[in-house]
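See structure below.
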Amino acid sequence: MKVKMLSYTDLDTPIHRLTGATKLLFFVLWSVSAMITYDTRVLVVMLLFSLFVFKISRVPFQQYAFVLYFILIFFVLNHLAIFLFSPLEGVSIYGTRHDIFHIAGRYTVTWEQLFYQLNIALKYAVVIPMALLFLLTTDPSEFAASLNRIGVNYRIAYSVSLALRYIPDIQRDYENISFSAQARGIDTSRKEKLPTRLKNIAAILFPLILTSVERIDKISTAMELRGFGRGSRRTWYSLRPFTKSDYIALALIILIAAASAVITFYDGSRFYNIFVE
Amino acid sequence: MMNRAVIEFTNFSFQYRAQTEPTLQDINLTIYEGEKVLIVGPSGSGKSTLAHAINGLIPATYPGEISGTLRVMGQDQQELGIAGLSERVGTVLQDPDGQFVGLTVGEDIAFKLENDAVSQSEMTGKVTEAAHAVDIYDFLGASPQELSGGQKQKTTLAGVLVGEVDILLFDEPLASLDPYTGTKTIELIDRVQQQTGKTVIIIEHRLEDVLHRAVDRIIVINEGRIAADLPAAELLSSGLLQEAGIREPLYLTVLKYAGCPITPDIKPEHIETIVLEDAAGKLRDWYLANDEQPEYLDCPPVLELRDLSFGYEKNHPVLHGVSLKLGKGEMVSIAGKNGAGKSTVSKLICGFYRPSSGSILMNGRDIGSDSIKERASRIGFVMQNPNHMISKTMIFDEVALGLKVRGMAESDIEKRVHEVLQVCGLYPFRNWPVSALSYGQKKRVTIASILVLQPEIIILDEPTAGQDYRHYNEMMEFLLGLSKQGITVIMITHDMHLMLEYAQRTIVLADGRKIADDRPERVLSDKAIIHSANLKETSLYRLAERAEIDQSSEFVRRFIAFDREARQG
Chain A
0 MKVKMLSYTD LDTPIHRLTG ATKLLFFVLW SVSAMITYDT RVLVVMLLFS LFVFKISRVP
60 FQQYAFVLYF ILIFFVLNHL AIFLFSPLEG VSIYGTRHDI FHIAGRYTVT WEQLFYQLNI
120 ALKYAVVIPM ALLFLLTTDP SEFAASLNRI GVNYRIAYSV SLALRYIPDI QRDYENISFS
180 AQARGIDTSR KEKLPTRLKN IAAILFPLIL TSVERIDKIS TAMELRGFGR GSRRTWYSLR
240 PFTKSDYIAL ALIILIAAAS AVITFYDGSR FYNIFVE
Chain B
0 MMNRAVIEFT NFSFQYRAQT EPTLQDINLT IYEGEKVLIV GPSGSGKSTL AHAINGLIPA
60 TYPGEISGTL RVMGQDQQEL GIAGLSERVG TVLQDPDGQF VGLTVGEDIA FKLENDAVSQ
120 SEMTGKVTEA AHAVDIYDFL GASPQELSGG QKQKTTLAGV LVGEVDILLF DEPLASLDPY
180 TGTKTIELID RVQQQTGKTV IIIEHRLEDV LHRAVDRIIV INEGRIAADL PAAELLSSGL
240 LQEAGIREPL YLTVLKYAGC PITPDIKPEH IETIVLEDAA GKLRDWYLAN DEQPEYLDCP
300 PVLELRDLSF GYEKNHPVLH GVSLKLGKGE MVSIAGKNGA GKSTVSKLIC GFYRPSSGSI
360 LMNGRDIGSD SIKERASRIG FVMQNPNHMI SKTMIFDEVA LGLKVRGMAE SDIEKRVHEV
420 LQVCGLYPFR NWPVSALSYG QKKRVTIASI LVLQPEIIIL DEPTAGQDYR HYNEMMEFLL
480 GLSKQGITVI MITHDMHLML EYAQRTIVLA DGRKIADDRP ERVLSDKAII HSANLKETSL
540 YRLAERAEID QSSEFVRRFI AFDREARQG
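Residue numbers (numbering that gives the first Met the number 0), protein chains in the order written: chain A, 0 to 276; chain B, 0 to 568.
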């Protein structure tokens, strides 16, 4: 396992060339828009757009495969939970009721519910690629510089970037620790029964946490010795100036956000209703 | 000619909050501008505490009680605080990996300037200048993972130089470097000092390696006090080093064995400057008199690698057809640069990865299809950092863990664990928490936790890294004892003393190929092999050359054998 998961790789694509601040603003506005709207048309357009951007970025699949599977599991759980807790949410939102089949008690599958959950699925599908893209194409230190530029305290900004920067190191530690644990017979694979497996995972986590604390200790000492945290402000070596493409990207997201808001609220409801005759 | 004092300790004592005894006691020490001073001392002597006082980590990060005064550049240490001191003292810590804050070389060098809120344009100029000073300019855009150990060390030094400090403080700069990179680092420090005229303070216990380039003074710290403060030549001629448990340069040990007196007049501080004259004759006599030949026992083979190849990615092989044999009870060292394939070999042996071709035989049986767990009962692997292995809070539980998961009965577990703890000298601590142990003791706990599974082979990654001479000795004698009981010991290391003194064989890997497999003293006399494994020529070979002894590797072998007897008394 030599592939670095969820870490920044320095590629030269239009997406990588954007400054961290642009990407952050883009991501925030994009997510807010996607969260507000239940307009299927808007969501579909946004989905196509995000897939297109993802393609341009040329991020290799292995880098996010694991996270993607992880998200998919939650995605499915989330959908089951929605149906379990409010099986007729769609009916109350769209004001009509077209039954498909009855399961038991209050659980009836309706077209309205399916449509409602489809919209939720689309929201996921719109936000996730952008979130991954943001993580995978933003240089952590440039990201810290960007956060600082939009007003976040530099100490917080820097700790966020350090956390991102240490993801690969901690993965390497984890791999080593889990190897040595396996050699002593502490198996964390599916061959073990779940309770034992959980106990064994805990046995790996202990040294992992310990080494991570050791790491943090070392790095914070090194940073302090080099004057970190002295002044109320600091400058950034890797800060990049805004270029034309940054302005274009920002203009684009404002346009998208505005358009999505207008289309969504045009008829007075966040929900695009296909059930009105 | 004496310059002004930059560091003045006056009756300085320090006691850590958690300790009952002061770590530093009544230190009086003055260091002058432009001096190059080496501070040596065994582990726990207080030499690191002294460094922490100079750079302000005491009392900022490690709180405790200070008495007496310390003035840095004429100002009181406590008034300056860690922030004020960072303006005057630049610290290079050991382990360049752990202190890399930037994502690229350029950014890391700029870190101090960023914190001083220097403008971006000014920063670029200063970073370029510092990068040129240490010759790392071509790598400004590279990420730390792409760098070699030496390049990382250069980056760290540039990051300190850029702050325009007056004092450069090196806290065990050689601890995590291979011999070749260590030599280059000492040369770099020397060059930078000559170019900038800054005051340089080096804290190290690897005395001979630092003396590769001249220092003005050596200060020996032992048990919290200054045991000596002398020029190198005088210190080496005195018996003060042995008293403090610091290993003297090996060429001086040989000269003493040969009956040559060491005095400041013969310039004993460097193998090239030392005046031999009639000592050369004495050395030759000594060499001829000690011609006892060792018996090489033929050990029955335990493990055999046949034509092993492997790559983490397709078309990028890291190992190319490596074959080797290991005998029962043999002690073997594996050397090579970072990335030469050393740890890959051990991971293949333990079964963490499967070879792409070739086979691994144990006692004549192919173990290719055995699981990690099955192999683990015969092959143990001890990692370099004990904290990577320890997952229980109590010593007994930690050692018992491997047996518990194998479902052994409680009473049998207790018996076996106690036996192993006896062997490892940890029995008195069996009911202690792991956290109460020293680094070396923790390392022993990890070895115990492997030994309890009764392996036939034990693989250790850098068993003595960062340990002083006394701890090195204890650890290695312990491992030697294990090998005498018939356990095969494989050590991945670039410690050349360790190879010479304890390995029966040294295997050298370069670019995934085996390039040497022979007695260590013969391997280490081959310049081409030394070069390709980032090792260096030891002073013993040079001494043999200078004394006109042709068989330099035989000379080294006789010295090691003689030294072994002498040390055991």
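For glycine and all other residues, C-beta sits at the position ideal for the given N, C-alpha and C.
Using the rule of at least 16 other Cβ atoms within 10 Å of the residue's Cβ for burial, across every protein chain shown, is residue i buried or exposed?
i         : result
Gln144(B) : exposed
Ile55(A)  : exposed
Arg105(A) : exposed
Ser18(B)  : At residue 18(B) the sequence reads Gln, which differs from the Ser that was named. Exposed: under 16 other Cβ atoms inside 10 Å.
Lys22(A)  : buried
Arg205(B) : buried
Asp38(A)  : buried
His496(B) : buried
Ala435(B) : exposed
Gln98(B)  : buried
Asn175(A) : buried
Met0(B)   : Confidence at Met0(B) is low in this model, with a pLDDT of 47, below 50, so its placement is unreliable and the value that follows should be read with caution. It is exposed - the Cβ of Met0(B) has fewer than 16 other Cβ atoms within 10 Å.
Lys1(A)   : Low local confidence applies: a pLDDT of 42 at Lys1(A) is under 50, so the model's placement there is unreliable, and no value is given.
Glu60(A)  : Looking at the sequence shown, residue 60(A) is not Glu but Phe. Counting Cβ neighbours within 10 Å, Phe60(A) comes out exposed, since fewer than 16 surround it.
Phe65(A)  : exposed
Gly328(B) : buried
Asp264(B) : exposed
Would you identify the three-state DSSP class for residue i, choosing helix, strand or coil?
i         : result
His211(B) : coil
Arg545(B) : helix
Lys324(B) : strand
Gln74(B)  : strand
Gln24(B)  : strand
Glu312(B) : strand
Lys1(A)   : Unreliable placement is indicated for Lys1(A), whose pLDDT of 42 sits below 50; the coordinate value is still reported in the next sentence. If DSSP states are grouped into helix, strand and coil, Lys1(A) belongs with coil.
Thr123(B) : helix
Leu238(A) : coil
Gly203(B) : The sequence as given places Glu at residue 203(B); Gly does not occur at that position. Of the three classes helix, strand and coil, the one that applies to Glu203(B) here is coil, per DSSP.
Tyr68(A)  : helix
Thr572(B) : Look at the range of chain B in this structure, 0 to 568, and you will see that residue 572(B) is not part of it.
Arg3(B)   : coil
Phe270(A) : strand
Ile529(B) : helix
Lys513(B) : strand
Phe380(B) : strand
Asp165(B) : coil
Comparing alpha-carbon positions, which option in the options lies nearest residue i?
i         : options                                    : result
Arg521(B) : Leu347(B), Ser531(B), Thr505(B), Leu139(B) : Thr505(B)
Asp516(B) : Met393(B), Ser322(B), Gln152(B)            : Ser322(B)
Thr220(A) : Asp94(B), Leu499(B), Met388(B)             : Asp94(B)
Gly80(B)  : Asp138(A), Ala248(A), Arg229(A), Phe241(A) : Arg229(A)
Leu49(B)  : Gln484(B), Leu23(B), Tyr179(B)             : Leu23(B)
Val507(B) : His530(B), Pro230(B), Tyr501(B), Glu500(B) : His530(B)
Phe113(A) : Ala103(A), Ser85(A), Ser160(A)             : Reading off the sequence shown, one finds Leu at residue 113(A), where the question assumed Phe. Selected option, being the one with the closest Cα: Ser85(A).
Met122(B) : Glu268(B), Gly162(B), Asp96(B)             : Gly162(B)
Lys151(B) : Asp96(B), Pro462(B), Glu294(B)             : Asp96(B)
Gly105(B) : Ile548(B), Val91(B), Ala130(B)             : Ala130(B)
Gly340(B) : Phe554(B), Ala532(B), Pro178(B)            : Ala532(B)
Ile135(B) : Val100(B), Val88(B), Leu187(B)             : Leu187(B)
Leu499(B) : Arg563(B), Gly439(B), Ser120(B)            : Arg563(B)
Ile57(B)  : Glu34(B), Val36(B), Ser85(B)               : Ser85(B)
Tyr165(A) : Val58(A), Thr12(A), Thr210(A)              : Thr210(A)
What I want to know is whether the C-beta of residue i ends up closer than 6 angstroms to one or more non-hydrogen atoms of the ligand COA.
i         : result
Gln383(B) : The ligand COA is absent from the structure shown, which contains no ligands of any kind.
Subject >> Contact the region 392 to 404 of chain B vs the region 180 to 196 of chain A: 3+ CB pairs below 8 angstroms >> reply: Yes: at least three Cβ pairs fall under 8 angstroms.
Original post:
Within the chosen definition, does the region 250 to 258 of chain A reach the region 21 to 30 of chain B through at least 3 CB pairs nearer than 8 angstroms?
Top reply: No, they do not touch.
Subject >> Continuous alpha helix (DSSP H) assignments of at least 4 residues falling wholly in the region 93 to 154 of chain A >> reply: The qualifying runs are 110 to 136, 139 to 148.
**OP:** Flag this pair as touching only if the region 254 to 274 of chain A and the region 80 to 100 of chain A have three or more C-beta atom pairs under 8 angstroms; answer yes or no.
**Re:** Yes, they touch.
Original post:
What beta strand (DSSP E) runs, 3 residues minimum, are completely inside the region 464 to 491 of chain B?
Top reply: Complete beta strand (DSSP E) runs here, min 3: 487 to 491.
**OP:** Would you check if the region 236 to 246 of chain B and the region 200 to 220 of chain B touch, i.e. whether three or more CB-CB distances between them fall below 8 angstroms?
**Re:** Flag = yes, the region 200 to 220 of chain B and the region 236 to 246 of chain B touch.
Subject >> 4 or more residues per run - each alpha helix (DSSP H) lying fully within the region 333 to 384 of chain B >> reply: Within the region 333 to 384 of chain B, the runs of alpha helix (DSSP H) that reach at least 4 residues and sit entirely inside it are, in chain order, 341 to 349, 371 to 375.
Original post:
Where are the beta strand (DSSP E) runs, 3 residues long or more, that stay fully inside the region 28 to 53 of chain B, in chain order?
Top reply: The qualifying runs are 35 to 39.
**OP:** Take every Cβ of the region 247 to 258 of chain B, pair it with every Cβ of the region 58 to 78 of chain B, and state whether three or more of those distances are shorter than 8 angstroms.
**Re:** The region 247 to 258 of chain B, when compared against the region 58 to 78 of chain B, does not touch it at the 8 angstroms Cβ threshold.
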